[in-house]
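Accompanying notes for the structure given below.
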Amino acid sequence: MGQIKLNQVTKSFGDVQVIPPLDLTIEDGEFTVFVGPSGCGKSTLLRLIAGLEDITSGHIEIDGKDATKVPPAKRGLAMVFQSYALYPHMTVRKNIAFPMKMAGIPEDEQKRRIEGAAKALNLTDYLDRKPGQLSGGQRQRVAIGRSIVREPSAFLFDEPLSNLDAALRVGMRLEISELHERLKTTMIYVTHDQVEAMTMADKIVVLRAGYIEQVGTPLELYHTPRNEFVAGFIGSPKMNIFSGPEAAKHGVNSIGIRPEHIDVSKTEGLWEGRVGVAEHLGSDTFIHVHDTGLADMVTVRITGDIAVKHGDKIFLSPQLEQLHRFDAQGLRIA
């Protein structure tokens, strides 16, 4: 069991409330990602679940039991931080064994768990090496292995890939997702990178200033964002959002259209503009269009390549069935 429930949980630092009253249920075996801009409260929320911060009010339940006052070591959770925090003088084997040794687990059981974690993380051939002999991705796997051997009810990841380069991030993202498929253990993962959120999560929790803006599957958030904030945050490149006369034509305060839902022509279209920067990625091209009268910049995503250069006139036509409509409060209009 690894269900975690937050009931009217709040957190204040002095007179400043950083987490207003919040309710959230994370189901057993679910991969839940907390995502949002810097300072939105996602790491604070994770630390409250872990017990590394005391909640100001409310209750936290783990496996149906009130864990609000339970110390971190007895919550049955394992946390993986940004920093690997490995002991440089110890081998991989001893680093992974360390929490079990501190807990007094018998050596034969330690060996069984180490071998199981090493196999799951492709670390079997590195057990006798020291951290200095490993790559960044391998060290992160060791840190995860140290958590696995505790056999926790849930894993808590606090931006674990932020110290890795782009290629390693992609690789580790896949490895953590595969690990979840194998272990079927509850995982809560904090990131500011919405691409990580979209590709890894069963359920995404979008946070802003301590409030939950929306909870749902990646595709639910992508196709039916609850408000302008979620619409602009989920998706890369982000959704184009316009107010003014173009929105008024549709009888709403603002409209949104994703870059891939805008058709491009050199001869005709609903909106006219001029090409700014065109980012050619091979399979896709992102064109940043100026002087449309809609916004400072409109971003368009097309499949493949298009022969345009900086300053060219270009015409854009939104796929009207893909328009998102928002009211004066920025809430989605169905």
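Numbering (our numbering), first residue to last: 856 to 1189. By construction, the Cβ of each residue, glycine as well, lies at the ideal position given by its N, Cα and C atoms.
Residue of the options minimising C-alpha distance to residue i
{"i": "T880", "options": "G919, T1122, G991 and K866", "result": "G919"}
{"i": "Y1044", "options": "V888, Q858 and F936", "result": "V888"}
{"i": "L1125", "options": "K1058, E1030, M957 and P1173", "result": "P1173"}
{"i": "S898", "options": "K1168, S912 and D1013", "result": "D1013"}
{"i": "A933", "options": "D921, R902, K956 and G959", "result": "R902"}
{"i": "Q872", "options": "M1152, L900 and Q858", "result": "L900"}
{"i": "G1026", "options": "M1042, E1051 and R1005", "result": "E1051"}
{"i": "K860", "options": "D909, A922, I874 and T911", "result": "A922"}
{"i": "I1112", "options": "G1106, V1004 and G1087", "result": "G1087"}
{"i": "K949", "options": "V1060, L1076, V1144 and R984", "result": "R984"}
{"i": "T1217", "options": "A1009, A952, T979 and I874", "result": "With the chain represented from 856 up to 1189, any question about residue 1217 goes unanswered, as that position is not in the structure."}
{"i": "T1122", "options": "D1167, P1092 and G869", "result": "D1167"}
{"i": "Q1049", "options": "S1091, H1078, A1021 and M1042", "result": "S1091"}
{"i": "T1079", "options": "M955, I904 and A1189", "result": "A1189"}
{"i": "V1085", "options": "V1060, K1164 and S1098", "result": "V1060"}
{"i": "K929", "options": "I904, Y1077 and M945", "result": "I904"}
{"i": "Y1077", "options": "G1137, M1042, P1114 and S1098", "result": "P1114"}
Span separating the alpha-carbon of residue i from that of residue j
{"i": "Q995", "j": "S1017", "result": "11 Å"}
{"i": "S1032", "j": "M1055", "result": "6 Å"}
{"i": "P961", "j": "S1002", "result": "17 Å"}
{"i": "G1148", "j": "A1183", "result": "20 Å"}
{"i": "A1102", "j": "F1141", "result": "24 Å"}
{"i": "H1135", "j": "G992", "result": "29 Å"}
{"i": "S893", "j": "H1047", "result": "7 Å"}
{"i": "A1162", "j": "G1071", "result": "39 Å"}
{"i": "E885", "j": "E970", "result": "25 Å"}
{"i": "E908", "j": "T865", "result": "11 Å"}
{"i": "K1231", "j": "I915", "result": "Summary: the structure shown does not reach residue 1231, with the chain confined to residues 856 through 1189, and so no result is reported for it."}
{"i": "F953", "j": "K1093", "result": "44 Å"}
{"i": "A1100", "j": "V1107", "result": "Here the sequence assigns Pro to residue 1100, which means Ala is not the residue at that position. So the alpha carbons of these two residues sit roughly 10 Å apart."}
{"i": "E1075", "j": "A958", "result": "42 Å"}
{"i": "G1065", "j": "I951", "result": "34 Å"}
{"i": "T979", "j": "Q988", "result": "14 Å"}
{"i": "M1199", "j": "I1067", "result": "Nothing in the structure corresponds to residue 1199, since the chain is present only between 856 and 1189."}
{"i": "K956", "j": "M1042", "result": "24 Å"}
{"i": "H1165", "j": "G1137", "result": "18 Å"}
{"i": "H944", "j": "D963", "result": "23 Å"}
{"i": "Q937", "j": "P1073", "result": "24 Å"}
{"i": "S867", "j": "E1127", "result": "50 Å"}
{"i": "H1143", "j": "E1030", "result": "34 Å"}
Outcome for residue i when other beta-carbon atoms lying within 10 angstroms are tallied against a minimum of 16
{"i": "E882", "result": "exposed"}
{"i": "V890", "result": "buried"}
{"i": "S990", "result": "exposed"}
{"i": "N977", "result": "exposed"}
{"i": "P1015", "result": "buried"}
{"i": "Q1069", "result": "buried"}
{"i": "E1176", "result": "exposed"}
{"i": "Q965", "result": "buried"}
{"i": "R1028", "result": "buried"}
{"i": "V1132", "result": "exposed"}
{"i": "R967", "result": "exposed"}
{"i": "R1037", "result": "exposed"}
{"i": "K1058", "result": "buried"}
{"i": "I1089", "result": "buried"}
{"i": "G869", "result": "exposed"}
{"i": "G1159", "result": "exposed"}
{"i": "A973", "result": "buried"}
{"i": "G1000", "result": "buried"}
Cβ pair residue i, residue j closer than 9 Å
{"i": "N1095", "j": "T1040", "result": "no"}
{"i": "I1157", "j": "R1129", "result": "no"}
{"i": "G931", "j": "I917", "result": "yes"}
{"i": "H939", "j": "P1007", "result": "This sequence places Tyr at residue 939; His is not what is there. No; because the gap between Cβ atoms is not below 9 Å, this pair is not in contact."}
{"i": "L855", "j": "Q858", "result": "The structure shown does not extend to residue 855, since the chain is modelled only from 856 through 1189, so no value can be given for it."}
{"i": "L1186", "j": "R1063", "result": "no"}
{"i": "D1118", "j": "L1171", "result": "yes"}
{"i": "V935", "j": "L1011", "result": "yes"}
{"i": "S1109", "j": "E1083", "result": "yes"}
{"i": "A975", "j": "L1019", "result": "no"}
{"i": "L982", "j": "V947", "result": "yes"}
{"i": "H1105", "j": "R1180", "result": "yes"}
{"i": "A1009", "j": "L941", "result": "no"}
{"i": "H1145", "j": "D1139", "result": "no"}
{"i": "P927", "j": "G913", "result": "no"}
Residue-level contact to chain B via CB, residue i, 9 Å cutoff
{"i": "K974", "result": "In the structure shown, chain B does not exist; there is a single protein chain."}
beta-carbon residue i near the ligand ATP non-hydrogen atom, thresh 8 Å
{"i": "L982", "result": "As presented, the structure is devoid of all ligands, the ligand ATP included, so that no description of it is given."}
For the region 1124-1151, list the beta strand (DSSP E) runs that are entirely contained and at least 3 residues long, ordered along the chain. Secondary structure remark: continuous beta strand (DSSP E) runs of at least 3 residues inside the region 1124-1151, in chain order: 1126-1135 and 1139-1145.
Return the chain-ordered ranges of every alpha helix (DSSP H) run that is complete within the region 862-940 and spans a minimum of 4 residues. Counting only runs of 4 or more, we get 897-905.
Would you list, in sequence order, the uninterrupted beta strand (DSSP E) runs of no fewer than 3 residues that lie entirely inside the region 996-1075? Unbroken beta strand (DSSP E) runs of no fewer than 3 residues, entirely contained in the region 996-1075, are found at 1009-1013, 1041-1046, 1058-1063 and 1066-1071, following chain order.
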